[in-house]
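Numbering (this note's numbering), first residue to last: 9 to 199.
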């Protein structure tokens with residue numbers, strides 16, 4: 009029997025697909041091999057990101073950031089489409105957050121490089137945020153959000169955890185970081 013995917017109510021479709029994925033995984037776990045095609049249209053193109061980052065003049069840096077943003081698209085799709093549980097959800101949110109915040113740092117550094125001599129010592133992330141704010145390239149509100157994102161990323165350690173931190177890395181924290189990255193691109197692109 010073939011299901012008519014288009015006519016199923018969303019909750020029933022999700023249930024059917026979830027059961028199908030579980031069945032597929034059970035078969036794959038027994039040594040059978042197959043790969044599921046990642047949904048097309050969910051990973052934006054390098055050209056899309058290069059256009060979005062056109063305010064960055066260094067082609068290699070812009071392209072590297074674009075590649076990383078494609079990986080972030082994969083993370084975002086997985087985060088928004090799968091109900092991850094247990095501590096794996098927190099660990100996945102951590103790695104997705106690290107990717108997004110690292111992109112923000114790279115964007116700030118590339119922007120800073122365009123306005124400063126290569127003779128200057130590379131500034132820290134904190135200094136990049138402060139200098140972009142002082143130069144009027146980002147708003148004080150965005151600077152605060154960038155500091156918060158930097159703090160989140162800098163406190164992701166496997167070896168130095170003094171408390172149970174699973175709740176510290178949830179969907180809402182991740183979504184805030186993604187929104188901050190979008191705001192950064194928008195403000196620097198308009199500066």
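Think of the CB as a built atom: it goes at the ideal place given N, C-alpha and C, for glycine as much as any other residue.
Keep in mind that this is a model prediction, so the values were computed, not measured.
Can you round the beta-carbon distance between residue i and residue j to whole angstroms, since I take them to be within the 8 Å contact cut?
i	j	result
residue 195	residue 146	5 Å
residue 141	residue 148	6 Å
residue 112	residue 192	6 Å
residue 106	residue 164	6 Å
Can you tell me whether DSSP reads residue i as helix, strand or coil?
i	result
residue 13	coil
residue 128	coil
residue 84	helix
residue 121	helix
residue 38	coil
residue 28	helix
residue 148	helix
residue 177	coil
residue 93	coil
residue 66	coil
residue 197	helix
residue 46	coil
residue 164	coil
residue 51	coil
residue 61	coil
residue 143	coil
residue 21	helix
Inspect the beta-carbon positions of residue i and residue j and report whether they are closer than 8 Å.
i	j	result
residue 57	residue 74	yes
residue 118	residue 137	no
residue 72	residue 104	no
residue 52	residue 81	yes
residue 121	residue 66	yes
residue 64	residue 70	yes
residue 177	residue 95	no
residue 16	residue 24	yes
residue 30	residue 85	no
How would you label residue i, buried or exposed, when you count the other beta carbons within 10 angstroms and need 16 or more for buried?
i	result
residue 188	buried
residue 127	exposed
residue 154	buried
residue 174	Only weak support is given to the placement of residue 174: the predicted model assigns it a pLDDT of 49, under 50, and the question is left unresolved by the model.
residue 3	Summary: the structure shown does not reach residue 3, with the chain confined to residues 9 through 199, and so no result is reported for it.
residue 59	exposed
residue 22	exposed
residue 115	buried
residue 68	exposed
Does any residue of chain D bring its CB to less than 8 Å from the CB of residue i?
i	result
residue 111	Note that chain D does not occur in the displayed structure, where there is just one protein chain.
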